[in-house]
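Okay, structure first, notes after.
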Amino acid sequence: MVYEIYMNRKFEKERHNYLKYAEKINTIVQSLKEDPWHQGTLMKASSFKGIRYERITRDLRLLFSICEECDDYRDEYTIYCQSCPEDIKNKVYLHTILTHKRLDRIKDK
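Using our numbering, you'd call the opening residue of the sequence shown number -1 and step up by one each time.
Encoded structure:
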């Protein structure tokens, strides 16, 4: 089953900022299209429930969500939900690229 990939503007901007890692990012995006359920680690922070992150390099992480899973985790509407499509079946949403240090500050709150 092939999943559709959606990207928000912040992700596209960050992707442009890290052009030297474009091949690695494209590899991750391709694997997300094929089977996102075996990619990434779920975040534990209450405001980031349903959001996963995948390692790009030693210092960079890609934040994404599988829309079906995100919908199951969320009790309330958040900033990450506003971009998700109406029909959530077989959709993956790419949120942003963060440094490892920034991610560590938020992921276990």
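Using N, Cα and C, we set each Cβ at its ideal position, and we do this for glycine too.
Going by beta carbon distance, what residues of the same chain come within less than 7 Å of residue i, once the five residues before and after it are set aside?
i           : result
leucine 101 : Tyr51 and Arg59
tyrosine 1  : Leu30, Lys31, Pro34, Asn88, Lys89 and Val90
Following the continuous beta strand (DSSP E) through residue i, name the residue where it begins and the one where it ends.
i         : result
valine 90 : 89 to 97
serine 29 : Counting along the chain, serine 29 falls outside any beta strand (DSSP E), though it belongs to the alpha helix (DSSP H) covering 20 to 32.
According to DSSP, simplified to helix, strand and coil, what is residue i?
i              : result
tyrosine 4     : strand
isoleucine 104 : helix
Spatial neighbours of residue i within its chain, please: C-beta separation below 6 Å, excluding the five flanking residues on both sides.
i            : result
glutamate 12 : Thr94 and Ile95
In whole angstroms, what is the alpha-carbon distance linking residue i and residue j?
i            : j             : result
valine 90    : serine 44     : 20 Å
tyrosine 19  : lysine 87     : 29 Å
tyrosine 4   : threonine 97  : 21 Å
glutamate 67 : tryptophan 35 : 9 Å
Would you grab the beta carbon distance between residue i and residue j for me? Rounded to a whole angstrom, and I think it's under 8 Å.
i                : j          : result
phenylalanine 62 : glycine 38 : 7 Å
Go through its chain and collect everything with a Cβ distance to residue i's Cβ below 8 Å, but skip five positions before and after it.
i             : result
isoleucine 26 : Gln37, Glu52, Ile54 and Leu60
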